[in-house]
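K.L.:
Here the protein sequences come in this chain order: A and B. Number 381 marks the last residue of the first sequence (the numbering used here); no jumps. Number 1202 marks the last residue of the second sequence (the numbering used here); no jumps. After the structure tokens below, expect a handful of questions from me.
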Amino acid sequence: MRGWAVLAATVLVIACSEPGTGGAQPSQSVVATLSTANNAGFRQALAPVAFAFPRDHGAHPEFKTEWWYFTGNLSTADKRRFGYQLTLFRVAVTPEPPDSASAWATNQTFMAHFAITDVAGDGFYHDERFARGALGLAGVSATPFSAWLEDWRVSEDTGTAANGCEGCLNLRITAGNDNAAIALVLASMKPVVRHGDNGLSQKSATAGNASYYYSLTRLATEGTIHVGGQTHSVTGHSWFDHEWSTSALEDDQAGWDWFSLQLSGQVELMLFRLRARDAANADFVSGSYVAPDGRTSRLRRGDFAIEVLDSWTSPATGVAYPGRWRIRIPQHRLVLDVTPRIQRQELNAAFRYWEGAVSATGRQRDRPILGEGYVELTGYQ
Amino acid sequence: MILARVSMRNLLRHPWQSILSVVGIALGVAVVIAIDLTNESARRAFSLSNQMVAGQATHHIIGGPTGLDETLYRDLRVDHGIRGMWPLVAGWVRLPDNDDQRFSVIGVDPFAQTSHSAIHRSTRDLSPTELLSVNNAVLLAQDTVRRLGLTVPGELRVRGAGDLHRLRVTASVQPDSALEGQALRAIVITDIATAQVITGNIGRLTRIDLELDDPAAVAKIRGLLPPDAELASSASRGNALQQMTRAFEVNLTALSLLALVVGMFLIYNTMTVSVLHELFTSVTCEALTLGVLGVLAGIGLGIVLSYQLLELVAQTINDLYFRLDVKQVSISALSLAKGIALGIGATVVAALAPALEASRVPPQITYTRSGQETAARRSVGRLARFAIVPCVVAAALLLLPGGSLYAGFAGLFFAIFGFALLAPALLLLIVRITHPWLSRALGLVGRMAGRGVTESLSRTRVTVAALAIAVSATVGVGIMITSFRTTVEHWLVNYLRADLYVSASGSTTGVDPGLIRRVSQLPGVRSITTARWTKLDGAEGRTQLFVLDAQSKAFENFQFKHGDAASAWPRFKTGDAVIVSEPYAYHHRRGVGDTVILRTDRGAREFDIAGVFYDYGSDRGVVAMHRDTYRRHWSDPAISSFAVYLDANIDVDRFAETLQHGVLKPTDLTLRSNRQLRALSMEIFDRTFAITNVLRVLTMVIAVIGIFSALMSIQLERGREFAVLRANGFTPRQLWALVTTETGLLGLAAGVLALPLGLFLALALIFIINRRSFGWTMQVWLTPEHFVLGLTLAVAAGLVAGIYPALRLARTPPSFALRHE
């Protein structure tokens, strides 16, 4: 879901920025590659398909766009909290690979985003990278699962036996730079969750404006985080999203709010709202409620409400984002207040969006409930 | 203020002399500035074109003859997380639709770009979507698109790696500056994948550029490299390449300074005339006025001239050193400042002696010609004795072993200075020797002419010295070029023994071994030798490697300076020994028994030197190696050319015709006969010396202007004397004869003096300057034409310079001249 938000933001930035002013930043044109609009010749997500694992952890190059999204809330033994994000985006520039003898020739391009939130230090570190999907510089393989862009890598830990659940994985993640880095081990605790209609996640009323979308909603995580010249041993939980599609955007959709929340009692929640540009049009909303046993119930329009309680204006970019939310899901008798761990979690890279670690408190069936997760906000001006 | 006005008045009193002085200085300064601007422009173009690709790269990873394995780049980035580096594939193609022009191809990875280089910046205009999705997408500079008559988007056909490729021009680059535009003018920018295909570098990278800021990172990367790769710093690599042209540049600069020195004599001469009337400060003022005017004119002229010279210099650099696209003179303030400083400095130095004289000698003596002449004659012996000092310095600079090129040129200039000091004494000697001849041949006029020369010694000595120096430069450089040319011609005859040469030098691909096999099976072919020319880049520069698959017979074509073919051959063929060319041995101070270190596919390795051979093909030197040795240490099967030896009874021309229209027809290889290749070599040789000849002529022009001005002033000053002669019954015709005899005698004297000096300069150029520049041994070939030409030039300059004053004097009624005095 959230990948689209990023790409939508990309389009906006490209429309609004001068080319060639990026300094050591990658060029706008590289970014443009990842948001090009020509979809002819690509497969589209028209009907539900049967996912098979591990095959579908891998890439689907016949679709234009795809991403592997890892986020997590981690803490040290003395409760120092951190958040992390590592995303690998794949964009095909043409439906067919080029006919060339060169190992550099490809139609596949990759972009990766990496961020660490240091809650106690009120610190936010982010970085991005680009590479072509050729010569082994970036790519994704299904068996064993591996997704990488240069030395940022998520790979299946074949040395340990994964939980036997469907699509479950044990993973190692290494990413970062000299200032901030992670080295984590992840183990699936719950089977894959198919969002929308058995994995077909509709993004607007138009047929084909949809993606295939599944998640591993809870992965036990431990490892180290390196920030501010110090290395911290951490444990916590991660969330993995994998989504692929060819077209999912409507012209009148301004941006996206997306929530992934891990609640006490082994419950997870995924919600998104595609904000209509025109107030007269309705927002497009959808979500999944994942019960402790892994059973998923689909949330549709009218099943939940997201109320913005506060706003925060980025001192760096002047963009005003929502700052706190109240989520109500009457059918599950759930009310949650979601608060960013710190406000300053705006990725102001080649394009900008807000993606940050959040905490949640609330009540379910009159009993207090706690949670944590990630929220993504794009299309805010 | 008063002095300034006096100076001006004096200058205006001798308008012709002043103008000629200004012209002389202007020409001298112009030549110096033009050469400096030209050298500087070439240097700037070189570093700019380097920088355009490398950007802020501090280091390069370079490989062997075929570059680097591309997987090295992946390993460094993916396995070792090295950032701040970007891969490069460079090569070249020809444009069949545009006169087969040669364009460089630069292939970059826009995804890796952290570089600020112009090439990388330019790819930002081209979306990688297009780079990757449009087959063969390329970028060209806007001007190039216009020049080639293309459109954007549009198609560009190129021939590369033996195939025709249709490239898609998807965008054009607007350069940031004129210089950048020039550097981009013959470059195709494209994605690395396209570049690999069209330049035939599949699987290979030309190099990897890196930006490394700390020694730890440098050490880390060094530790990660395979043996066939090397990490070199940009600075050392750029320097090494620029070093290649250094000697060439120094030689040009020295020649340009010679032109200025000749110009100095003009100032000196004009000032000597002035001294007659003036005091130290006013002499200096006058000189400065002339100097400033000359310098101002020289700047403009120099800039104009530099455009003419740049083409010649660029041609030579392209012929001899490396590919350099330079069409634009970059006017550097430093070059102009150097020219100005040298021009003014030369003026002041030239005026110093006359000015000091003016201040030392009591005014009444200064003010009279006779006083000045007495002083001049008295100084002849003193000057000649003093000449010993610069001569000793010159000898030391020229002869001390291990001296530098700069010392060599300094030595030459000291020698010329010493000669200038000796000139008056030699002039008197020549007049004394010729006196009886002249008086016998011309009677009274002959006797008087000789006396005229000695009596106006204060003027004539400088005139003669200046003319002699200019003529000697012409003679000396002429002899040097002839000797060099003849040496090369003889060498080529021995070196090029095969009947036909087939080369891939104009081709975008190497020679196919199958083709060589087919040629070798043709009837009449006695044997074939193949050659591979390649460059090994290393941290300490570039080594030209000549790989040769020769039989022992062909090996005998090498003419050995040290070692001999018979004993070197077995080691060369099987023993991993190499032979090196004379310039290589000279520059690297190596000889037989030493070793050269070359970076092979398995790391650096020592090779024994089995011989040093004469070679005039490269001034930086060549290492020659047997193909067997090469293949043992490098996995590079490419062949650049092959030579065909035919049976004695075969008609070479007819065979060449058959070959051209048969086996070679589908290829773009070039076939040349022995004779054609020799002619081509000599053509390149002559092109190389084109600029030298231009400078030689310019120096001569300055000298002739000087002579003209000096002789004219001498004769015009003697108006009263001649009027007296007229009054005493001299006919205009006799007067005319007297004046031209006198100036002719001066010309002759200069010519005669120029011959030994010219010979000396030639020997110094051949044995000292050329050796210190390039390490070449040359045979001295003395042909009479340079001496005859020099002498004729000097006498003719003298005679011509006498015509105008003679005519004027002859026409002036004696009464007028007398009254005027």
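We put the beta carbon where it would ideally sit given N, CA and C, even for glycine.
Report the residues of the segment 107-136 of chain A with a CB closer than 8 angstroms to any CB of chain B, ordered along the chain.
P.N.:
The segment 107-136 of chain A vs chain B, Cβ under 8 angstroms: ASN107, THR109, PHE130, ALA131, ARG132, ALA134, LEU135, GLY136.
K.L.:
Could you work out which residues of chain A lie near B:SER354, taking near to mean beta carbons separated by less than 7 angstroms?
P.N.:
In this structure chain B extends from 382 to 1202, so residue 354 of chain B is not present and cannot be described.
K.L.:
So A:PRO98 contacts chain B; which residues on that side make the cut at Cβ distance below 9 angstroms?
P.N.:
Those are LEU513, SER514, ASN516, ALA574, listed as they occur along chain B.
K.L.:
Spatial neighbours of B:TYR876 within its chain, please: CB distance less than 6 angstroms, with the 5 preceding and 5 following residues excluded, ordered by chain position.
P.N.:
Correct list, in chain order: ASN938.
K.L.:
If distances are taken between C-alpha atoms only, which option among A:PHE124, A:ASP151, A:GLU66 comes closest to A:ALA180?
P.N.:
The option with the nearest alpha carbon to A:ALA180 is A:PHE124.
K.L.:
Scan the segment 434-468 of chain B for residues whose Cβ lies nearer than 7 angstroms to a Cβ of chain A and list them as they occur along the chain.
P.N.:
Within the segment 434-468 of chain B, the residues whose Cβ lies closer than 7 angstroms to some Cβ of chain A are GLU451, ARG455, ARG458, VAL459, GLY462, listed in chain order.
K.L.:
Within the 8 angstroms Cβ cut-off, does B:VAL961 reach chain A?
P.N.:
So no, B:VAL961 is outside the interface.
K.L.:
Quick one, are the C-beta atoms of B:VAL470 and B:GLY488 less than 8 angstroms apart?
P.N.:
Yes.
K.L.:
Strictly below 8 angstroms CB to CB, what residues from chain B border A:TRP104?
P.N.:
Here the neighbours are GLU451, ASP490, ASP572, ILE573, ALA574, GLN577.
K.L.:
Measuring only between beta-carbons, confirm whether A:GLU150 sits less than 8 angstroms from chain B.
P.N.:
Yes - at least one Cβ of chain B is within 8 angstroms of the one on A:GLU150.
K.L.:
Which term fits B:VAL730, buried or exposed, when burial requires 16 or more other beta carbons within 10 angstroms of its beta carbon?
P.N.:
Exposed, since its Cβ has fewer than 16 Cβ neighbours within 10 Å.
K.L.:
Under 8 angstroms, Cβ to Cβ, is there at least one residue of chain A near B:GLY619?
P.N.:
False, the Cβ-Cβ gap to chain A never drops below 8 angstroms.
K.L.:
In the DSSP assignment, find the beta strand (DSSP E) that holds B:TRP1162 and state where it starts and stops.
P.N.:
That residue, B:TRP1162, is in no beta strand (DSSP E); it is neither H nor E in DSSP.
K.L.:
Take the Cβ of B:GLY824 as the centre, count every other Cβ of all protein chains shown within 10 Å, and call the residue buried at 16 or more, exposed below.
P.N.:
Classification of B:GLY824: exposed, given that the 10 Å Cβ count is below 16.
K.L.:
Span of the beta strand (DSSP E) holding B:TYR882?
P.N.:
Here the beta strand (DSSP E) through B:TYR882 covers 881-884.
K.L.:
If we count the other Cβ atoms within 10 Å of its Cβ and call it buried at 16 or more, is A:VAL308 buried or exposed?
P.N.:
Under this definition A:VAL308 is an exposed residue.
K.L.:
Among A:ALA134, A:VAL185, A:LYS64, A:GLY287, which one has its Cα closest to the Cα of A:ARG328?
P.N.:
With distances taken between Cα atoms, A:ARG328 lies closest to A:GLY287.
K.L.:
Would you mind working out which of B:ASP456, B:THR1069, B:ARG1008, B:SER820 sits nearest B:TRP607, comparing C-alpha positions?
P.N.:
Before going on, a small fix: residue 607 of chain B reads as Pro here, not Trp. It is B:ASP456.
K.L.:
Against chain B, does A:ALA101 count as a neighbour if the rule is that its beta carbon must be under 8 angstroms from one of theirs?
P.N.:
Yes, because at least one Cβ of chain B sits closer than 8 angstroms to the Cβ of A:ALA101.
K.L.:
Under a CB-based cut-off of 8 angstroms, is B:ILE583 close to chain A?
P.N.:
By this cut-off, B:ILE583 is an interface position.
K.L.:
Any contact of the segment 832-839 of chain B with the segment 1122-1129 of chain B, i.e. 3+ C-beta pairs under 8 angstroms?
P.N.:
Counting Cβ pairs under 8 angstroms, three or more are found: they touch.
K.L.:
Quick check: the segment 846-861 of chain B against the segment 1018-1025 of chain B, are there 3 or more CB pairs under 8 angstroms?
P.N.:
Judged by Cβ distances under 8 angstroms, the segment 846-861 of chain B makes no contact with the segment 1018-1025 of chain B, as fewer than three pairs qualify.
K.L.:
In terms of DSSP beta bridges, what is A:ILE182 paired with?
P.N.:
A:ILE182 is bridged to A:ALA175, A:ILE225.
K.L.:
From the DSSP output, in three-state form, read off A:VAL375 for me.
P.N.:
Note: A:VAL375 maps to strand in three-state DSSP.
K.L.:
When you compare each of B:PRO817, B:VAL883, B:ALA801 to B:SER1054 by their alpha carbons, which one comes out closest?
P.N.:
The residue with the shortest Cα to Cα distance from B:SER1054 is B:VAL883.
K.L.:
Report the residue from A:ARG295, A:ASN73, A:HIS126 whose alpha carbon sits nearest the alpha carbon of A:GLY371.
P.N.:
Selected option, being the one with the closest Cα: A:ASN73.
K.L.:
Could you have a look at B:ASP1009 and say whether DSSP puts it in helix, strand or coil?
P.N.:
Three-state DSSP puts B:ASP1009 in a helix.
K.L.:
To the nearest angstrom, report how far apart A:GLY373 and A:ASP337 are at their CA atoms.
P.N.:
Near 12 angstroms, if we compare the C-alpha coordinates of A:ASP337 and A:GLY373.
K.L.:
Can you list, in chain order, the residues of its chain with a C-beta nearer than 8 angstroms to that of B:HIS546? Leave out the 5 residues immediately preceding and following it.
P.N.:
So the qualifying residues of the chain are VAL474, ASN517, ARG538, VAL539, ARG540, VAL578, ILE579.
K.L.:
Let me make sure I understand the geometry here. Which of B:ILE990, B:TYR787, B:ALA847 has the alpha-carbon closest to that of B:PRO805?
P.N.:
The shortest C-alpha separation from B:PRO805 is found at B:ALA847.
K.L.:
Can you give me the start and stop residues for the beta strand (DSSP E) that B:LEU548 sits inside?
P.N.:
From DSSP, the beta strand (DSSP E) with B:LEU548 extends over 544-554.
K.L.:
By Cβ distance below 6 angstroms, which residues in the same chain neighbour A:GLY76 in space, the five residues on each side in sequence not counted?
P.N.:
The question names Gly, but residue 76 of chain A in the sequence shown is Thr. Closer than 6 angstroms at the Cβ level, and outside the excluded window around A:THR76, lie HIS232, VAL234.
K.L.:
Can you check DSSP and say which residues form a bridge with A:ASN209?
P.N.:
Answer is A:SER247.
K.L.:
Taking 8 angstroms as the cut-off, decide whether the C-beta atoms of B:THR863 and B:HIS441 are in contact.
P.N.:
No, the Cβ-Cβ distance between B:THR863 and B:HIS441 is not below 8 angstroms.
K.L.:
Exposed or buried, A:GLU355, counting other C-beta atoms within 10 Å across all chains shown (16 or more means buried)?
P.N.:
It counts as buried.
K.L.:
Of all the options B:ASP918, B:LEU1040, B:SER962, which has the alpha carbon lying nearest to the alpha carbon of B:GLY984?
P.N.:
Of the candidates B:ASP918, B:LEU1040, B:SER962, the one whose C-alpha sits nearest the C-alpha of B:GLY984 is B:ASP918.
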